[in-house]
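Heads up, the first sequence is in the numbering used here, so the first residue is 1383 and it goes up one at a time. Think of the CB as a built atom: it goes at the ideal place given N, C-alpha and C, for glycine as much as any other residue. Only a predicted model underlies this, so the values are computations on that prediction, with no experimental measurement involved. Please read the structure below before turning to the comments.
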Amino acid sequence: MDAFYVSVELQRRPDLAGRPVVVAGSGPRAVVTTASYEARKFGVFSATPASRARRLCADAVFLPPDFKLYRERSRDVMAVLRENVEIVEVVGLDEAYLDLRGFERPKAAARRVKAAVEERTGLGCSIGMGPSKLVAKVASDAEKPNGFVVLSREAARDRFASAAPGLIPGIGPKTAARLAEHGIDTLAKLGAALEAELTGLFGPRLGVHLGRLARFEHDSPVTPVRVAKSESRETTFDQDLSGLETLTPVLERLSAELCTTLEREDRRGPTIGIKVRLDDFSTHTRARTLDAPTNDRAVVTGVASDLLREFDPPRPVRLLGVRVAGLDRAAAEAATGPGDDQMALAV
DNA sequence: TCTGGGGTCCTAGGACCC
DNA sequence: TCTGGGGTCCTAGGACCC
């Protein structure tokens, strides 16, 4: 979807169309979640600190995020996709992969999907089409907003040969910087780099992977059902906090919120973890795995508090979080009970 | 001017088991 | 008194994605 949160907001504020609009929280440490294309011209993008966004674009209209609304509109969009295509992999609220292999004329099908999304939801989207998720994703980003780009693997290689490696999803800032240090600053160079050089820099797996990504050779199937393996709640304080007596009540609140959700969905996990970000932005995690999966508020709170006490933050804390992991397995066991293959047999 | 919230996957080292 | 090879599970950190 194109500037999804902003587009949803414009539906109830049509008077703002054409203006720089920024959806961002209001606190001193808020970041931009979405910027309209008009705001992007001023250098305001997702993850830009809101304080910086206000300076870059003083005329922008700032709106607080309304995730409940965005989730509703997202469901509408995904429903339209599923009405048109059998195999849909949802990636976040505003993105999905569609497997069009069953269509005799896939390009026509993609055109119909784009038109249907716009007609039924009033929201704009960009579509990329290719022989793999990787090509499709890069193609969909190439002509946003309102794009429709169809590329073969070879066409993608040609078109993005001189683009920076960071164009590829999976090559982030750290990897791009390390590549640049070694003179690899285009996808053509990365695709042509000797495997020995890449594996020397990044190890055998990532090294090979990067070369393949640059040649658009990465293929992974469209996976319709993805079950969450962990769930967490975290919060960044407006001002750093110190002291267990201050932090523990926050941990209790986060644990209660998390467990309420898990209970409602009857999901449990055996591993309880905390996340602590200090004032120097270093992030620390601690985890403990119990004998049995749980979503019990008292258990989660107790373990999380123990972990925090044992960690004993050595500096002021800017973020605190709680996590329950291993949900996949817990849900499967709860749903089916112990299967035959799990029954113990001693002879 | 500092840097949200909610996730996934990978790596490396250690414990432990056969 | 010295130590193989294969495997799983767990923890912690880091890179990355939307």
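As assigned by DSSP and simplified to three states, the class of residue i
| i | result |
| --- | --- |
| S1614 | strand |
| A1545 | coil |
| A1714 | Bear in mind that a pLDDT of 49 at A1714, under 50, signals an unreliable position, so the model cannot answer this. |
| G1425 | coil |
| T1416 | strand |
| G1721 | Caution applies to G1721, whose pLDDT of 47 falls short of 50 and renders its modelled position unreliable; the value that the coordinates give is listed next. Looking at G1721 - three-state DSSP - the assignment turns out to be coil, as it is neither helix nor strand. |
| G1703 | strand |
| D1567 | coil |
| L1576 | coil |
| P1741 | Because residue 1741 is not part of the residues shown, which for the chain are 1383 to 1729, the question remains open. |
| H1591 | helix |
| C1641 | helix |
| E1501 | helix |
| S1456 | helix |
| S1687 | helix |
Other residues of its chain near residue i: CB distance less than 7 Å, five sequence neighbours each side excluded
| i | result |
| --- | --- |
| A1716 | A caution first: A1716 carries a pLDDT of 49, below 50, which makes its placement in the model too unreliable to give a value. |
| S1544 | T1568, A1570 |
| T1416 | A1385, F1386, Y1387, V1388, V1405, S1428 |
| A1478 | M1460, L1463, V1470, E1471, V1472 |
| R1597 | R1539, G1573 |
| P1447 | Y1387, V1405, G1407, T1415 |
| Q1393 | G1504 |
| S1664 | none |
Test item: CB-CB of residue i and residue j under 8 Å
| i | j | result |
| --- | --- | --- |
| L1595 | L1505 | no |
| L1580 | P1547 | no |
| L1701 | R1659 | yes |
| S1508 | G1529 | yes |
| G1512 | L1533 | yes |
| A1498 | G1510 | no |
| R1691 | L1626 | yes |
| V1632 | I1654 | no |
| L1475 | V1495 | no |
| I1566 | A1575 | yes |
| C1641 | V1682 | yes |
| V1390 | L1451 | yes |
Residues sharing a beta bridge with residue i, DSSP
| i | result |
| --- | --- |
| F1444 | V1404 |
| F1530 | I1509 |
| E1471 | Y1479 |
| G1651 | T1676 |
| R1668 | I1656 |
| L1623 | V1699 |
| P1431 | V1413 |
Contacts around residue i, its chain only, beta-carbon distance under 6 Å, and the 5 residues preceding and following it disregarded
| i | result |
| --- | --- |
| L1636 | R1615, V1704 |
| P1652 | T1671, L1672, P1675, G1708 |
(message) Taking contact to mean 3 or more Cβ pairs, one atom from each stretch, closer than 8 Å, check whether the region 1577 to 1584 and the region 1670 to 1680 are in contact.
(response) At 8 Å Cβ cutoff, the stretches do not touch.
(request) Answer yes if the region 1478 to 1494 comes into contact with the region 1607 to 1616, meaning at least three C-beta pairs across the two stretches below 8 Å, and no otherwise. (result) Judged by Cβ distances under 8 Å, the region 1607 to 1616 makes no contact with the region 1478 to 1494, as fewer than three pairs qualify.
(request) Determine, using beta-carbon pairs with one atom in the region 1613 to 1630 and one in the region 1686 to 1703, whether at least three such pairs fall under 8 Å. (result) Contact holds: three or more Cβ-Cβ distances are below 8 Å.
(message) If contact is defined by three or more beta carbon pairs under 8 Å, each pair taking one atom from either stretch, is the region 1389 to 1405 in contact with the region 1437 to 1448?
(response) In short, these stretches touch, since the Cβ pair count reaches three.
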